[in-house]
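Q:
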Amino acid sequence: MVMAIVLMACEKEPERVVTEQWSETQPKLVSYYLEQDNQRMKVKEEKFYQDGTREYVGGFDEKGLRNGEWRYYYDSGQLWSLGSYDHGLKEGKKEVYWPDGTKRYEGQFKEDLKSGTWTFYNPDGTVLQKMNFDAQQAD
25 MVMAIVLMAC
35 EKEPERVVTE
45 QWSETQPKLV
55 SYYLEQDNQR
65 MKVKEEKFYQ
75 DGTREYVGGF
85 DEKGLRNGEW
95 RYYYDSGQLW
105 SLGSYDHGLK
115 EGKKEVYWPD
125 GTKRYEGQFK
135 EDLKSGTWTF
145 YNPDGTVLQK
155 MNFDAQQAD
């Protein structure tokens, strides 16, 4: 337990770099970098709407490929889309929402392909359709 705390304390915070701006005080695109093995790597990126509301946020691997969870937001701040990447490939749960926060659809990705049963919803939350993508890919 003590060793984990010591290791966490030694980790450097990523360097925050504003790469695009709406104005002098309002960033549009912010990248986060870490030094590792004498190389500067982008590990995270955030984009903002002009009013400062976050548009999206997500991480990168050592090769600059999307990695981990990515979130996109409507300009209202409401979550629009949530998905994960594994070294550039869509992997795992995908959720997309209507502007009011009601789920629009959900499903899974496996190695960048839709997998299993995806469920699509009407704006009132009722199920519109279910599709099994495993059966479609078997054809």
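Read left to right, the sequence shown gives residues 25 to 163 (the numbering used here).
Just so you know, even glycine gets a beta-carbon here, dropped at the ideal spot from N, CA and C.
Computed from a predicted model, the values in this text were never measured in an experiment.
I need the boundaries of the beta strand (DSSP E) containing GLN63, first residue and last residue.
A: Along the sequence shown, one-based indexing puts residue 63 at 39. Start and end: 63-72.
Q: Give the DSSP-derived three-state secondary structure of ASP158 in the structure shown.
A: On the sequence shown, residue 158 is found 134 positions in, with the first residue counted as 1. DSSP places ASP158 in helix when its eight states are reduced to three.
Q: With a cut-off of 8 Å, do at least 3 Cβ pairs link the segment 84-91 to the segment 99-106?
A: Verdict: no, contact absent.
Q: Compute the Euclidean distance between the alpha carbons of TYR56 and THR126, then round it to the nearest angstrom.
A: On the sequence shown, residue 56 is found 32 positions in, with the first residue counted as 1. On the sequence shown, residue 126 is found 102 positions in, with the first residue counted as 1. Between TYR56 and THR126, the C-alpha separation is close to 31 Å.
Q: Can you grab the Cα-Cα spacing for the pair GLY107 / GLU37, in whole Å?
A: In the sequence shown, counting from the first residue as 1, residue 107 sits at position 83. In the sequence shown, counting from the first residue as 1, residue 37 sits at position 13. Going from the Cα of GLY107 to the Cα of GLU37 covers about 24 Å.
Q: Report the rounded CA-to-CA distance for TYR73 versus THR49, giving the unit in angstroms.
A: To locate residue 73, count along the sequence shown from 1; it is residue 49. To locate residue 49, count along the sequence shown from 1; it is residue 25. Computed Cα separation, rounded: 13 Å.
Q: If you follow the beta strand (DSSP E) that PRO147 is in, where does it begin and where does it stop?
A: For the purposes of this step, residue 147 is identified with residue 123 of the sequence shown, where counting begins at 1. Careful: PRO147 lies outside any beta strand (DSSP E) and carries neither H nor E.
Q: In chain order, what residues of the same chain lie with their CB nearer than 6 Å to the CB of THR150, ignoring the 5 residues before and after it?
A: The count along the sequence shown starts at 1 and reaches residue 150 at position 126. Cβ within range, chain order: n/a, list empty.
Q: Should SER139 and ASP158 be called a contact, given that it needs their Cβ atoms to be closer than 8 Å?
A: For the purposes of this step, residue 139 is identified with residue 115 of the sequence shown, where counting begins at 1. For the purposes of this step, residue 158 is identified with residue 134 of the sequence shown, where counting begins at 1. Yes. Within cutoff.
Q: In whole angstroms, what is the alpha-carbon distance linking LYS71 and GLU44?
A: Walking along the sequence shown from the start, residue 71 turns up at place 47. Walking along the sequence shown from the start, residue 44 turns up at place 20. Between LYS71 and GLU44, the C-alpha separation is close to 9 Å.
Q: Check each candidate in GLY76, TYR109, ASN62, ASP75 and name the one with the smallest Cα separation from LYS68.
A: Along the sequence shown, read from residue 1 onward, the residue named residue 68 stands at position 44. Considering only alpha carbons, the answer is TYR109.
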